[in-house]
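Working notes, structure below.
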Amino acid sequence: MSRVALVLRHADEIHLGNLEQVLIEHGYAVRYVDTLSADGVQGIDPAAADLFVVLGGEMGVYQADEFPVLAEEVQLLADRLAARRPVFGVCLGAQLMASALGSSVYRGPSNEIGYRLVEPTEAGQDSPLRHVNGIPMMQWHSDTFDLPAGTTRLAGSTAYGNEAFAIEDWALAVQFHPELTAEMHEQWLASSEAEVRAEGLNPDELRRERTEHSEAMQQASRALFSEWLSGLPGGAADPRRTP
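Take the numbering used here: the last position of the sequence shown gets the number 1584, and nothing is skipped along the way.
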(Lines of atoms letter the chains of each structure in order from A and count residues from 1; the text may use other names and numbers.)
(Lines give C-alpha, C1' and ligand atoms only; values in the text may rest on other atoms or scores of the structure.)
Protein backbone atom coordinates (compact mmCIF):
# COMPACT_ATOMS: atom_id res chain seq x y z
CA MET A 1 0.00 0.00 0.00
CA SER A 2 1.30 3.47 -0.89
CA ARG A 3 2.27 5.95 1.73
CA VAL A 4 0.25 9.18 1.65
CA ALA A 5 1.80 12.63 1.41
CA LEU A 6 -0.74 15.30 2.36
CA VAL A 7 0.28 18.54 0.67
CA LEU A 8 -1.07 21.83 2.04
CA ARG A 9 -1.19 24.24 -0.91
CA HIS A 10 -1.93 27.98 -0.69
CA ALA A 11 -1.98 28.82 -4.41
CA ASP A 12 -2.29 26.73 -7.57
CA GLU A 13 1.00 27.99 -9.00
CA ILE A 14 2.93 27.20 -5.78
CA HIS A 15 2.89 23.43 -5.99
CA LEU A 16 5.32 20.54 -5.44
CA GLY A 17 7.17 21.15 -8.70
CA ASN A 18 10.23 18.93 -9.05
CA LEU A 19 9.65 17.34 -5.63
CA GLU A 20 6.48 15.52 -6.68
CA GLN A 21 8.37 12.95 -8.71
CA VAL A 22 10.68 12.32 -5.76
CA LEU A 23 7.66 11.51 -3.59
CA ILE A 24 6.32 9.13 -6.23
CA GLU A 25 9.70 7.40 -6.51
CA HIS A 26 9.65 6.86 -2.75
CA GLY A 27 6.23 5.21 -2.88
CA TYR A 28 4.00 8.12 -1.86
CA ALA A 29 0.54 8.89 -3.19
CA VAL A 30 0.21 12.69 -3.34
CA ARG A 31 -2.96 14.32 -2.03
CA TYR A 32 -3.29 18.09 -2.30
CA VAL A 33 -5.39 20.12 0.12
CA ASP A 34 -6.17 23.64 -1.12
CA THR A 35 -6.15 25.50 2.15
CA LEU A 36 -7.99 28.57 0.84
CA SER A 37 -10.97 26.49 -0.31
CA ALA A 38 -14.23 26.54 1.61
CA ASP A 39 -13.27 23.54 3.72
CA GLY A 40 -9.72 24.69 4.38
CA VAL A 41 -7.97 22.21 6.67
CA GLN A 42 -11.08 21.27 8.63
CA GLY A 43 -11.45 17.61 9.44
CA ILE A 44 -7.82 16.69 8.77
CA ASP A 45 -6.44 14.20 11.27
CA PRO A 46 -3.04 15.63 12.24
CA ALA A 47 -1.53 12.17 12.69
CA ALA A 48 -3.16 10.27 9.84
CA ALA A 49 -1.06 10.88 6.72
CA ASP A 50 2.44 9.43 6.51
CA LEU A 51 3.85 12.84 5.61
CA PHE A 52 2.71 16.46 5.62
CA VAL A 53 4.25 18.82 3.07
CA VAL A 54 3.42 22.48 3.70
CA LEU A 55 4.05 24.74 0.71
CA GLY A 56 4.58 28.47 0.24
CA GLY A 57 2.12 31.30 -0.27
CA GLU A 58 1.94 35.05 -0.71
CA MET A 59 0.46 35.73 2.73
CA GLY A 60 2.27 35.98 6.07
CA VAL A 61 1.63 33.86 9.15
CA TYR A 62 0.73 37.08 11.02
CA GLN A 63 -2.16 37.76 8.60
CA ALA A 64 -4.57 35.32 10.25
CA ASP A 65 -7.20 38.06 10.57
CA GLU A 66 -7.32 38.24 6.77
CA PHE A 67 -6.71 34.51 6.22
CA PRO A 68 -8.25 32.65 9.19
CA VAL A 69 -7.11 29.29 7.83
CA LEU A 70 -3.54 30.23 8.80
CA ALA A 71 -4.42 29.96 12.50
CA GLU A 72 -6.06 26.61 11.79
CA GLU A 73 -2.94 25.42 9.97
CA VAL A 74 -0.73 26.48 12.86
CA GLN A 75 -2.86 24.43 15.26
CA LEU A 76 -2.93 21.47 12.86
CA LEU A 77 0.86 21.57 12.60
CA ALA A 78 1.26 22.00 16.35
CA ASP A 79 -0.74 18.81 16.88
CA ARG A 80 1.16 17.04 14.11
CA LEU A 81 4.56 18.03 15.50
CA ALA A 82 3.51 17.15 19.05
CA ALA A 83 2.72 13.67 17.74
CA ARG A 84 6.23 13.54 16.19
CA ARG A 85 4.84 12.79 12.75
CA PRO A 86 6.90 13.75 9.64
CA VAL A 87 6.55 17.29 8.26
CA PHE A 88 8.40 19.09 5.47
CA GLY A 89 7.82 22.84 5.17
CA VAL A 90 8.78 25.27 2.40
CA CYS A 91 8.92 29.08 2.81
CA LEU A 92 5.49 29.94 4.28
CA GLY A 93 5.35 26.28 5.30
CA ALA A 94 8.58 26.71 7.27
CA GLN A 95 7.18 29.84 8.90
CA LEU A 96 3.96 28.03 9.84
CA MET A 97 6.05 25.25 11.39
CA ALA A 98 8.06 27.81 13.37
CA SER A 99 4.84 29.41 14.62
CA ALA A 100 3.40 26.00 15.53
CA LEU A 101 6.52 25.41 17.62
CA GLY A 102 5.99 28.67 19.51
CA SER A 103 8.30 31.05 17.63
CA SER A 104 7.57 34.51 16.25
CA VAL A 105 7.20 35.09 12.51
CA TYR A 106 7.65 38.63 11.20
CA ARG A 107 8.78 40.82 8.32
CA GLY A 108 12.44 40.49 7.49
CA PRO A 109 14.99 43.11 6.45
CA SER A 110 14.42 42.75 2.71
CA ASN A 111 12.26 41.25 0.00
CA GLU A 112 14.65 38.59 -1.27
CA ILE A 113 14.00 37.48 -4.84
CA GLY A 114 16.49 35.49 -6.91
CA TYR A 115 18.99 32.66 -6.79
CA ARG A 116 21.12 33.05 -3.65
CA LEU A 117 23.64 30.91 -1.80
CA VAL A 118 22.45 29.12 1.32
CA GLU A 119 25.22 28.19 3.75
CA PRO A 120 24.79 24.96 5.73
CA THR A 121 25.84 25.07 9.37
CA GLU A 122 28.12 22.40 10.81
CA ALA A 123 25.00 20.39 11.62
CA GLY A 124 23.66 21.11 8.14
CA GLN A 125 26.79 19.68 6.54
CA ASP A 126 25.97 16.42 8.32
CA SER A 127 22.40 16.45 7.00
CA PRO A 128 20.60 16.45 3.62
CA LEU A 129 21.18 20.24 3.53
CA ARG A 130 24.78 19.56 2.48
CA HIS A 131 23.47 19.02 -1.07
CA VAL A 132 22.74 22.74 -1.46
CA ASN A 133 26.23 23.85 -0.42
CA GLY A 134 27.66 26.08 -3.14
CA ILE A 135 24.46 25.92 -5.22
CA PRO A 136 22.40 29.12 -5.53
CA MET A 137 18.86 28.32 -4.39
CA MET A 138 15.71 30.20 -5.32
CA GLN A 139 14.56 32.75 -2.74
CA TRP A 140 11.24 34.59 -2.88
CA HIS A 141 10.24 35.90 0.53
CA SER A 142 10.29 38.88 2.85
CA ASP A 143 9.38 37.18 6.14
CA THR A 144 11.51 35.37 8.68
CA PHE A 145 11.18 33.68 12.06
CA ASP A 146 12.99 33.04 15.32
CA LEU A 147 14.57 29.61 15.56
CA PRO A 148 12.15 27.40 17.53
CA ALA A 149 13.29 25.85 20.78
CA GLY A 150 14.21 22.20 20.44
CA THR A 151 15.19 22.48 16.76
CA THR A 152 18.57 22.41 15.04
CA ARG A 153 19.55 25.25 12.71
CA LEU A 154 20.82 23.71 9.49
CA ALA A 155 21.47 26.71 7.24
CA GLY A 156 21.55 30.49 6.95
CA SER A 157 22.33 33.08 4.29
CA THR A 158 23.86 36.54 4.06
CA ALA A 159 20.46 38.22 4.38
CA TYR A 160 18.63 35.75 6.64
CA GLY A 161 20.14 33.78 9.50
CA ASN A 162 17.48 31.08 9.58
CA GLU A 163 17.19 29.28 6.24
CA ALA A 164 16.56 25.74 7.49
CA PHE A 165 15.88 23.88 10.72
CA ALA A 166 15.07 20.32 11.73
CA ILE A 167 13.73 18.23 14.55
CA GLU A 168 15.83 15.08 14.61
CA ASP A 169 15.24 13.25 11.32
CA TRP A 170 11.45 13.61 11.02
CA ALA A 171 10.74 17.34 10.58
CA LEU A 172 12.50 19.69 8.16
CA ALA A 173 11.76 23.33 7.30
CA VAL A 174 13.46 25.35 4.56
CA GLN A 175 13.00 29.06 3.83
CA PHE A 176 14.11 28.80 0.18
CA HIS A 177 12.19 27.16 -2.67
CA PRO A 178 13.70 23.75 -3.52
CA GLU A 179 10.57 22.78 -5.48
CA LEU A 180 10.86 25.50 -8.12
CA THR A 181 11.07 24.42 -11.77
CA ALA A 182 11.86 26.71 -14.69
CA GLU A 183 8.20 26.62 -15.72
CA MET A 184 7.04 27.64 -12.22
CA HIS A 185 9.62 30.42 -12.12
CA GLU A 186 8.30 31.84 -15.37
CA GLN A 187 4.74 31.71 -14.01
CA TRP A 188 5.80 33.53 -10.86
CA LEU A 189 7.63 36.21 -12.82
CA ALA A 190 4.62 36.76 -15.08
CA SER A 191 2.15 37.07 -12.19
CA SER A 192 4.44 39.16 -9.97
CA GLU A 193 6.16 41.47 -12.43
CA ALA A 194 4.97 44.59 -10.58
CA GLU A 195 6.44 43.29 -7.29
CA VAL A 196 9.72 42.40 -9.01
CA ARG A 197 10.09 45.82 -10.63
CA ALA A 198 9.10 47.58 -7.40
CA GLU A 199 12.14 45.95 -5.81
CA GLY A 200 14.34 47.41 -8.54
CA LEU A 201 14.83 44.04 -10.18
CA ASN A 202 14.78 43.24 -13.88
CA PRO A 203 12.70 40.17 -14.81
CA ASP A 204 15.06 39.41 -17.71
CA GLU A 205 18.02 39.40 -15.32
CA LEU A 206 16.15 36.93 -13.12
CA ARG A 207 15.55 34.79 -16.20
CA ARG A 208 19.28 34.89 -16.91
CA GLU A 209 19.92 33.69 -13.35
CA ARG A 210 17.46 30.87 -13.96
CA THR A 211 19.26 29.77 -17.11
CA GLU A 212 22.52 29.67 -15.17
CA HIS A 213 21.36 28.04 -11.94
CA SER A 214 18.01 26.26 -12.32
CA GLU A 215 19.17 22.79 -13.35
CA ALA A 216 21.86 22.55 -10.67
CA MET A 217 19.39 23.83 -8.07
CA GLN A 218 16.80 21.23 -9.03
CA GLN A 219 19.37 18.43 -8.87
CA ALA A 220 20.48 19.58 -5.42
CA SER A 221 16.85 19.88 -4.30
CA ARG A 222 15.96 16.39 -5.46
CA ALA A 223 19.03 14.97 -3.70
CA LEU A 224 18.16 16.82 -0.48
CA PHE A 225 14.53 15.69 -0.46
CA SER A 226 15.28 12.11 -1.51
CA GLU A 227 17.85 11.66 1.25
CA TRP A 228 15.52 13.17 3.83
CA LEU A 229 12.64 10.90 2.80
CA SER A 230 14.93 7.86 2.94
CA GLY A 231 15.92 8.76 6.49
CA LEU A 232 12.41 9.09 7.92
CA PRO A 233 11.71 6.89 10.95
CA GLY A 234 9.96 3.65 10.22
CA GLY A 235 12.08 2.86 7.23
CA ALA A 236 11.20 4.54 3.95
CA ALA A 237 11.16 2.27 0.94
CA ASP A 238 14.10 2.47 -1.42
CA PRO A 239 13.27 4.95 -4.15
CA ARG A 240 11.61 3.36 -7.14
CA ARG A 241 12.75 4.77 -10.45
CA THR A 242 10.08 5.35 -13.03
CA PRO A 243 10.62 5.47 -16.80
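Note that CB positions come from ideal geometry on N, CA and C, so glycine has one too. The structure displayed is predicted, hence computed values, not measured ones.
- With respect to PRO1427, LEU1530 sits apart: the two C-beta atoms are not nearer than 7 Å.
- DSSP places VAL1348 in the uninterrupted beta strand (DSSP E) bounded by 1344-1350.
- A straight line joining the alpha-carbon of SER1451 with that of HIS1482 spans about 8 Å.
- Here TRP1481 carries a strand assignment [DSSP, helix/strand/coil].
- Here the alpha carbons of ALA1424 and PRO1544 stand approximately 43 Å from one another.
- Every beta strand (DSSP E) of 3 residues or more that sits fully in the region 1483-1551 is shown, in chain order, as 1493-1497, 1505-1508 and 1512-1515.
- C-alpha of THR1552 to C-alpha of MET1558: approximately 11 Å in a straight line.
- In the three-state reduction of the DSSP assignment, VAL1415 falls in the helix class.
- Remark: fewer than three beta-carbon pairs, one from each stretch, lie closer than 8 Å, so the region 1428-1443 and the region 1472-1479 are not flagged as touching.
- Around the beta carbon of GLY1430, a 10 Å sphere encloses 16 or more other beta carbons of the protein chains shown; the residue is thus reported as buried.
- Taking C-beta separations shorter than 7 Å and ignoring five residues to either side along the sequence, the partners of ALA1405 in its chain run LEU1411 and ALA1412, following chain order.
- With the rule of 3 Cβ pairs closer than 8 Å, the region 1457-1467 counts as touching the region 1499-1513.
- Apart from sequence neighbours up to five positions away, the residues of its chain that approach ARG1350 with a beta-carbon distance below 8 Å are HIS1356, TYR1373, VAL1374, ASP1375, THR1376 and LEU1396, ordered along the chain.
- Counting only residues of its own chain and dropping the five nearest sequence neighbours on each side, ALA1419 has a CB closer than 8 Å to the CB of ALA1441 and LEU1442.
- TYR1369 places its beta carbon 7 Å or farther from that of ALA1352.
- LEU1521 places its beta carbon less than 7 Å from that of GLY1358.
- Sequence-distant Cβ neighbours of ILE1476 in its own chain, meaning closer than 7 Å and more than five residues away, are ALA1557, MET1558 and ALA1561.
- Under the DSSP assignment, GLU1354 falls outside any beta strand (DSSP E); it carries neither an H nor an E label.
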